[in-house]
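The sequence shown runs 66 to 291 under my numbering. Cβ coordinates follow ideal geometry from the N, Cα and C atoms, glycine included. Just so we're clear, the structure is a prediction, and the values are computed from it rather than from any experiment. For reference, the structure is listed below as structure tokens.
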Amino acid sequence: MDRSEKFGDLNQRIQSCRRCSRLVEYREKIALEKVRRFSDQEYWGKPLPGFGDQNARLLIIGLAPAAHGGNRTGRMFTGDSSGDWLIKALYQFGYSNHPNSESLDDGLVLNDVYITAVGRCAPPANKLLRTEIANCSEYLLEELELIAGARVILTLGKVAFDSYLRMNHKNAGKVFKFSHGARHNLENVTLVASYHPSRQNTQTGRLTWVMWTRVFEMVRILLDKE
């Protein structure tokens, strides 16, 4: 089985996963009830695989799909404000062919970047339980093995930062602490931390556009040195 086939197998297993009863119930409930502004749309309502360039040097790890974003559209960071911020920044720095991420058929193509998340189902109140993170961890670990050329890991939020270290660099997790813009040199990769571009952060000013783009400036400099 070549790498493309391994990705296909992994993505099928992710989409059919029903390990976490709380998340299954919530994602399917949301997909049925919807919200008024999307009432005419058919929701995805299933777990989400990662997406992007399978030869990427930049791997971005988020928290989980949004209830009316990825859980609706079928792609992470698509159809919600977090996706607007992420894809606009990727476009600005040359990683995306256009600045919007709206639907599976919007023509978005990512270059040198792969996007994934700690959790694959939309969680209630945007909070994952530890058991749910553990249940999903094998999927992220498989992606990390398949994206063998990744040189920079950008984690969006403390949960993604801590989860990545716990899965891959347990000793480093005791030393490195999450803070926006932090950079940590690990064995074969550089770990970069950022606040998540959630509305809770962007609308309160905790994360400004300048702060956000400075992270991508750092990432670009790191990769240009390769």
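- Is the distance from the Cβ of Arg140 to the Cβ of Ser168 below 9 Å? On the sequence shown, residue 140 is found 75 positions in, with the first residue counted as 1. On the sequence shown, residue 168 is found 103 positions in, with the first residue counted as 1. Yes, they are a contact pair.
- Message: Beta-carbon within less than 6 Å of Ser263's beta-carbon, same chain only, minus the 5 sequence neighbours each way: which residues are those?
- Response: Counted from its first residue, the sequence shown places residue 263 at position 198. The beta carbon of Ser263 sits closer than 6 Å to the beta carbons of Ser147 from its chain, once the five residues preceding and following it are set aside; these are given in chain order.
- Task: Could you please give me the residues that DSSP links to Thr255 through a beta bridge?
- Result: Taking the sequence shown and counting its residues from 1, one reaches residue 255 at position 190. Beta-bridge pairing links Thr255 to Val217, Asn250.
- Query: For the beta strand (DSSP E) that contains Gly148, what are its first and last residues?
  - Reply: In the sequence shown, residue 148 corresponds to position 83, counting from 1. Looking at the DSSP string, Gly148 is not in any beta strand (DSSP E); the run it does join, the alpha helix (DSSP H), is 146-157.
- Task: Check whether the Cβ atoms of Leu230 and Ala182 lie closer than 9 Å to each other.
- Result: In the sequence shown, the residue the question calls residue 230 occupies position 165. In the sequence shown, the residue the question calls residue 182 occupies position 117. No.
- Meets three-Cβ-pair contact criterion under 8 Å: the stretch 185-195 and the stretch 90-102: By the Cβ rule, the stretch 185-195 counts as touching the stretch 90-102, because three or more pairs are nearer than 8 Å.
- Query: Going straight from the alpha carbon of Asn136 to that of Asp289, what length do you get?
  - Reply: One-based indexing of the sequence shown puts residue 136 at position 71. One-based indexing of the sequence shown puts residue 289 at position 224. Distance between the alpha carbons of Asn136 and Asp289: 34 Å.
- Could you tell me which residues DSSP puts in a beta bridge with Ser81? As a first step, residue 81 must be located in the sequence shown, where it is residue number 16. Its beta-bridge partners do not exist; DSSP assigns none.
- Confirm, please, whether the CB-CB distance from Val284 to Val257 is below 9 Å. Position 192 of the sequence shown, counting from 1, holds the residue named residue 257. Position 219 of the sequence shown, counting from 1, holds the residue named residue 284. For Val257 and Val284, yes; Cβs fall inside 9 Å.
- Would the stretch 238-248 and the stretch 102-117 be scored as touching if the rule is three or more Cβ pairs under 8 Å? They do not touch, by the three-pair rule.
- Taking Gly110 as the reference, which of Arg279, Met232, Arg185 has the closest Cα? Mapped onto the sequence shown, residue 110 falls at position 45. Of the candidates Arg279, Met232, Arg185, the one whose C-alpha sits nearest the C-alpha of Gly110 is Arg185.
- Buried or exposed by the 16-neighbour rule on C-beta atoms within 10 Å, applied to Pro164: In the sequence shown, the residue the question calls residue 164 occupies position 99. Exposed, by the Cβ-count rule.
- Item | C-alpha distance - Asp74 paired with Arg84, whole-angstrom precision | Against the sequence shown, residue 74 aligns to sequence position 9. Against the sequence shown, residue 84 aligns to sequence position 19. Whole-angstrom Cα-Cα distance: 17 Å.
- Would the beta-carbon of Trp216 fall within 9 Å of that of Val174? The residue given as residue 216 occupies position 151 in the sequence shown. The residue given as residue 174 occupies position 109 in the sequence shown. The sequence as given places Arg at residue 216; Trp does not occur at that position. Against a cut-off of 9 Å, the Cβ pair of Val174 and Arg216 comes out as no contact.
- Note the first and the last residue of the continuous beta strand (DSSP E) segment covering Val178. Along the sequence shown, read from residue 1 onward, the residue named residue 178 stands at position 113. Where Val178 is concerned, the enclosing beta strand (DSSP E) stretches over 178-182.
- Query: Does the Cβ of Ile79 have 16 or more other Cβ atoms within 10 Å, making it buried, or fewer, making it exposed?
  - Reply: Translated into the one-based positions of the sequence shown, residue 79 becomes position 14. Label assigned to Ile79: buried.
- Item | Sub-9 Å separation of Val178 and Tyr204 beta-carbons | Stepping through the sequence shown from its first residue, residue 178 is reached at position 113. Stepping through the sequence shown from its first residue, residue 204 is reached at position 139. No. Outside cutoff.
- Query: Are Ile198 and Leu124 closer than 9 Å when you measure CB to CB?
  - Reply: Within the sequence shown, numbered from 1, the residue matching residue 198 stands at position 133. Within the sequence shown, numbered from 1, the residue matching residue 124 stands at position 59. Their beta carbons are not under 9 Å apart, which means Ile198 does not touch Leu124 by this criterion.
- For Leu209, the nearest candidate out of Arg195, Trp277, His234 (CA to CA): As a working note, residue 209 is residue 144 in the sequence shown. The shortest Cα separation from Leu209 among Arg195, Trp277, His234 belongs to His234.
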